[in-house]
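Position in the sequence shown (first residue = 1) + 5 = full-length UniProt numbering.
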Amino acid sequence: PVLVVDFGAQYAQLIARRVREAHVYSEIVPHSMPVADMLAKGPAAIILSGGPSSVYEEGAPQVDPALFEAGVPVLGICYGFQAMAVALQGQASHTGLREFGGTPLSIAEGGGVLLRGLPDAQSVWMSHGDCVTAAPAGFTVTAGSPAAPVAAFEDVSRRLAGVQFHPEVAHTPHGQEVLRRFLYEIAGIEPTWTSNNIIEEQVEAIRSRVGSKRVLCALSGGVDSAVAAALVHKAVGDQLTCVFVDHGLLRAGEAEQVEKDYVAATGINLKVVDASVRFLGALAGVIDPEQKRKIVGREFIRVFEQAARDLEAEEHVEFLVQGTLYPDVVESGGGTGTANIKSHHNVGGLPDDLQFALVEPLRTLFKDEVRAIGAALGLPEEIVMRHPFPGPGLSIRIIGAVDEERLAILRAADLIAREELTAAGLDRSVWQFPVVLLADVRSVGVQGDGRTYGHPIVLRPVSSDDAMTADWSRLPHELIAKISTRITNEVREVNRVVVDVTSKPPGTIEWE
Ligand code: XMP
């Protein structure tokens, strides 16, 4: 792999993703990992990420000079660039000059391998208060910026290079090209990390792990479990049984999509459990969001457990498939005790007497890779490109108690919003589009000469990368108008449509 050494900013994940977009496998490791352990992973190259510290600060993470003696190609970025300079006996200083945001880069000396032929005075994204003031011996300085006399250097013979700017962010237009040049030209890595290769490797790994044992998977209708199950099915065929618990809280057409389109595309063995009566019964009268989540989570486990026991009664089931993604793995390894804002419900917490070994074929993958693999496996576009949808489903999009009638209102409004977003060709630019029913709120309206006293619907389209932060989507007014008109015309109980214009933070994406 290419190891991305995390110096504690949010950039490491982005760098790892960019490396993979260049079709090279990458993994994130903490800066506290000893060099010997890094080398034990047999890295094809190492990238030192940016970080919040100042190199000369007390306790700032250092780079062990041994890293540069192993013959492994290394690229330093921002803090990693400065730490690299210091470790190799160059100089970094606190000059008092800072650069934040788009900054002109002037390329010197023909630009070396990393910058050769790129436009001079291109804009790059900077975020630094310290800078390298003298490159280490043997390095050529290939660029500078107003506040960073040494903004890039390289020693191609030792396969070492560094840049002060952030090539991984979209605000550095030629950044991906710089990364590619490091990977292909300086490190000499072949771009072999492609969907087909990933599928082949995973299928191989699943086969050897599972052997002839039986495997169970809970399908949620979301991308992750759908792709995970399809991979496992490709590997072990009918040894896999999928269970789809229909909790009655899905949007219009979603349960059918799993039952028909997904099965048609994959040929997977699917057991559908219609448990909507049970879920709605347990949710009756419940208003508190966390309570709703707990109930849905608990009922889900119970229903799934029963389905698992039924299967187990036929023949022992050894493995359970989970759609865990790489960011979850990185974040839970980070262990920085983040505040529990909402207790996200997942398939965990199965009882002790039902124990499975886990198969997690997506553990090394980012979401966009999962989508690409789903497409390569022939899954329908509606499943592969589906927006994220919360496990508790529409129960947390009805503000107030949940019942069949309210669900029907919300489903009708939500379907209109989704149809119009798709018709406007904006499915990809909007990250997620919750539609929320304020079930306990009424407002006065007038329709067809008569007074109405109906419910408001909230449109909550957002743009985001990872749901940690989000901004409200600036949908075209025409589109909002169309959605509003259709909802108030077609959904009798709704007489008002509002748009949520709150970013996250301070708002969360969902209303509950
Ligand atoms: P918030 O509302 O916290 O949501 O900004 C961030 C992302 O998580 C989804 N979400 C959930 N997903 N179970 C889930 O599986 C949950 O309980 C849950 N709550 C929120 C939300 O849709 C968004 O994508």
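Beta carbons are placed, not taken as given, at the ideal position from N, Cα and C, and that holds for glycine. Please read these numbers as outputs of a predicted model, since none were measured by experiment.
The ligand XMP approaches residue 298 closely enough that one of its heavy atoms is under 8 Å from the residue's Cβ. Fully enclosed alpha helix (DSSP H) runs of no fewer than 4 residues occupy 180-185 and 200-215 of the segment 178-239, in order along the chain. Here the segment 70-79 does not lie against the segment 120-130, with fewer than 3 beta-carbon pairs under 8 Å apart. With a contact defined as Cβ atoms closer than 8 Å, residue 104 and residue 133 qualify at about 6 Å. Fewer than three pairs of CB atoms, one per stretch, sit closer than 8 Å, so the segment 402-413 makes no contact with the segment 231-246.
Cβ contact annotation for residue 309 (same chain, cutoff 7 Å, sequence separation greater than five): 223, 248, 250 and 352, in chain order.
Residue 376 and residue 389 have their alpha carbons spaced roughly 5 Å apart.
A straight-line Cα-Cα distance of about 15 Å links residue 189 and residue 21. Contact between residue 129 and residue 108 is confirmed by a C-beta separation of about 6 Å, below the 8 Å threshold.
Bounds of the alpha helix (DSSP H) holding residue 87 are 84-92. Pairing residue 37 with residue 66 gives a Cβ-Cβ distance under 9 Å.
Per the coordinates, the alpha-carbon of residue 466 lies some 42 Å from the alpha-carbon of residue 214. In the DSSP secondary-structure assignment, residue 456 is bridged to 451. The segment 189-200 and the segment 155-168 touch, with three or more beta-carbon pairs separated by less than 8 Å. Here residue 137 really is in contact with residue 90; their C-beta atoms are around 4 Å apart, less than 8 Å.
Annotation for residue 11: the continuous beta strand (DSSP E) segment containing it runs 7-11.
About 25 Å separates the beta carbons of residue 82 and residue 203, which is beyond the 8 Å limit, so they are not a contact pair.
Residue 275 carries a strand assignment under DSSP once its states are collapsed to helix, strand and coil. In this structure, the CA atom of residue 393 is about 41 Å from the CA atom of residue 150. Relative to the ligand XMP, the beta carbon of residue 437 is positioned inside 8 Å of a heavy atom. Residue range 281-288 is occupied by the alpha helix (DSSP H) that includes residue 281. Spatial neighbours of residue 243 in its own chain (CB-CB distance under 7 Å, excluding positions within 5 residues in sequence) are listed in chain order as 274.
Proximity of the beta carbon of residue 475 to the ligand XMP is indicated: a heavy atom of the ligand is located closer than 8 Å. Ranked by Cα distance from residue 380, the first of 199, 335 and 333 is 199.
Bridge pairing for residue 330: absent [DSSP]. The beta carbon of residue 259 sits no closer than 8 Å to any heavy atom of the ligand XMP. Looking from the CA of residue 374, the closest CA among 330, 413, 335 and 364 belongs to 330. Residue pairing by DSSP places residue 158 opposite 146 and 167 in a beta bridge.
Cβ-Cβ distances below 6 Å link residue 30 to 6 and 198 in the same chain, with the five nearest sequence neighbours on each side left out; the list follows chain order. Its Cα nearest to that of residue 505, the residue 438 stands out among 438, 325 and 458.
Between residue 280 and residue 226, the gap from beta carbon to beta carbon reaches 9 Å or more. In this structure, DSSP gives residue 376 a helical state, which the three-state scheme calls helix. A distance criterion of 8 Å places the beta-carbon of residue 138 beyond contact range of the ligand XMP, judged by its closest non-hydrogen atom.
Excluding five sequence positions before and after residue 54, the CB atoms of its chain that fall closer than 8 Å to its own CB belong to 9, 10, 11, 12, 14, 16, 17, 20, 82, 83, 84 and 85, given in chain order.
DSSP, read as helix, strand or coil, puts residue 106 in strand. Boundaries for residue 401: no beta strand (DSSP E) harbours it, and the DSSP string shows neither H nor E there.
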